Amino acid sequence: MRPSRSTSAPQRHNCYDAPVSGEPHIRKVRPDDLEEVWRVHVASSNDLAARRGRPTARPADAPVASDARAGLASDPDGYFCAVEEGRIHGMVSALVRGRVWYLSMFFVLPGDQGRGVGRALLERALAYGEARGVEVRCVWASLDPRAQARYVMAGMAPRWPIYRLEGDAAAVARLRARVGLDARERELPCDPAAAEKLTAEVFGHGRADDLAYWRSDASAALAIERGGELTAFAYRRGERIGPAAGLDETALLQAVAAAANAGGGGNVTVRVPGACASLLEALVGCGFRIGELAVFLASRPFGRPELYLPSGPILY
């Protein structure tokens, strides 16, 4: 593990808005803050998109809002906001899964950037991870150089790009034709216990709460079985595919293809890490188009990243 920047452990408090030093006031996010927190996310994301010459999003078009609520429910002690004069100016969320600290969301209102708000929030999130005894820090980062500089200074290094791929019905059909099952293999509904076991093997630790949420939100949960053993699974939520995991790269591709064809196929989106090189090559070869690009940074490698397809940037 790379040495990380030391931060002091946060004091333990039982209330949401325990006082801390510095301005603005940093406190835990409350459930009734989520609507305002989401507005900060949208404003910051739209500002970055505009600076990069990309179309801006609208709150109603943001399917990851439900992921943010699930993250808060599973790890409320890792959600913090910066409040000044009764208004939220920035937020950060850090999720701890096993010994892995994941920076789930980190946004500051455009007019407040450069005032130290982001620094104060990130320091609180890092201190939360240290108090939990984490061994790995990681983040799904935009291409914003300012944000990446913060992560590098926090001990995280770029590991691989993450591609957003979009496939239309024709690309999905080509994928299905390319990926076949042999006589020992079959496609079937995903067993939750088997998915939890496989996730622990591939990711390095179990994710029971996340899998339960993804299962409740999934329009399809499919698995590939080989010789009576579960070798891969994939969830589809609307047009989004992920998470998915496999014992090997062939099985992972088979599960992704099954999820893409669930419900008759149609348009799908999938976020593919560069570590999943064979999956990325297969999807692009079938006509999936590369959209936006992000970068995964971590203090050190962990798990089997070539065998895991994330759900998206909020819960990974």
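Residue numbers 333 to 648, in my numbering, belong to the letters of the sequence shown in order. In this text, a Cβ means the ideal position worked out from N, Cα and C, and glycines have one as well. Note that the structure is a prediction, hence the values are computed from the model and not measured.
DSSP state of residue i mapped onto helix, strand, coil
i, result
"Ser643", "coil"
"Phe439", "strand"
"Ser474", "coil"
"His373", "helix"
"Arg636", "coil"
"Val600", "strand"
"Tyr545", "helix"
Straight-line Cα distance separating residue j from residue i
i, j, result
"Pro408", "Tyr495", "29 Å"
"Ala550", "Leu530", "18 Å"
"Leu641", "Pro575", "5 Å"
"Gln480", "Gly559", "45 Å"
"Gln586", "Gly635", "21 Å"
"Ala525", "Pro442", "44 Å"
"Asn378", "Val372", "10 Å"
"Val616", "Asp580", "19 Å"
"Val415", "Asp542", "29 Å"
"Val428", "Arg464", "8 Å"
"Asp399", "Val374", "14 Å"
"Ser436", "Ala607", "20 Å"
"Met423", "Val602", "26 Å"
"Ala594", "Ala552", "7 Å"
"Ala501", "Leu625", "22 Å"
Residue interval of the alpha helix (DSSP H) (run including residue i)
i, result
"Glu650", "The question about residue 650 has no answer, for the chain in this structure spans 333 to 648."
"Leu513", "Careful: Leu513 lies outside any alpha helix (DSSP H) and carries neither H nor E."
Among the options, the one whose alpha carbon lies nearest that of residue i
i, options, result
"Glu417", "Leu453, Ser474, His357 and Gly403", "His357"
"Asp655", "Ala583, Phe628, Val361 and Leu427", "Absent from the structure is residue 655, since the part of the chain shown begins at 333 and ends at 648."
"Ala527", "Ala577, Glu519 and Thr601", "Ala577"
"Thr454", "Glu467, Val471 and Asp500", "Here residue 454 turns out to be Leu, not Thr, going by the sequence shown. Taking only the C-alpha atoms, the option nearest Leu454 is Val471."
"Tyr411", "Asp364, Val374 and Ala555", "Asp364"
Buried/exposed call for residue i, threshold 16 Cβ in 10 Å
i, result
"Asn599", "exposed"
"Ala489", "exposed"
"Ser474", "buried"
Beta strand (DSSP E) segment containing residue i, residue limits
i, result
"Ser425", "Arg419 to Arg429"
"Pro575", "Arg572 to Gly578"
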